[in-house]
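Position 130 (the sequence shown) corresponds to 114 in my numbering; numbering is contiguous.
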Amino acid sequence: MNLLQKFEDRQLQARKSDYDVPEFAPGDSVRVNVKVIEGTRERVQAFEGVCIAVKQAGINSSFTIRKISYGEGVERVFPMHSPRIDSIDVVRKGRVRRAKLYYLRGLTGKRARIAEKQDHRRVTRAKGESKNKTAAAAEAASTTASGAE
């Protein structure tokens, strides 16, 4: 490991201790809260859109967010570990089959929509247990979980 890699690793560890970057991928709708300095004031500005690319490169990792603002497409590239980023929130998970979604640049309106990723969890049942008992048990568990909140 050369000197530059050691330096980057130390910087990455220091930045990771400041805040935790959530797991997101291309196709996800993301809200990035960015610190903006105007004169002597500092405020937080939100930029919400679809992640169209993620570049994994250690401390140099970055991601590209695209949104439509007043009919114009706006893309912004954010360094993943920038101190200017206040927080990153994943609004919804998208279902895509590509790593880079640059084809969205040429699409408008409903064609540029991305399907939401569904959670397909299976309920397994014990041997000899009927379907009705499993459904009743799952329903009872969900009602007790929602009642506990």
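Just so it is clear, CB atoms sit at the ideal spot from N, CA and C, and this is done for glycine as well.
- Excluding five sequence positions before and after Glu32, the CB atoms of its chain that fall closer than 6 Å to its own CB belong to Arg15, given in chain order.
- Taking Arg79 as the centre and dropping the five residues before and after it, the same chain places the C-beta of Gly11, Ile98, Ala99, Glu100, Lys101, Gln102 closer than 8 Å to its C-beta, in chain order.
- When the Cα atoms are used, Leu(-12) and Ala(-2) turn out to be separated by approximately 15 Å.
- Within the DSSP bridge table, the entry for Ile98 names no partner.
- One thing to note: Leu(-4) has its Cβ within 7 Å of the Cβ of Gly42.
- In its chain, beyond the 5 residues on either side, Lys51 have a beta carbon closer than 6 Å to the beta carbon of Val58.
- In the assembly as shown, Ser13 is a buried residue. Its beta-carbon has 16 or more other beta-carbons within 10 Å.
- Nearest neighbour of Glu7 by Cα position, chosen from Asp73, Thr48, Arg60, turns out to be Asp73.
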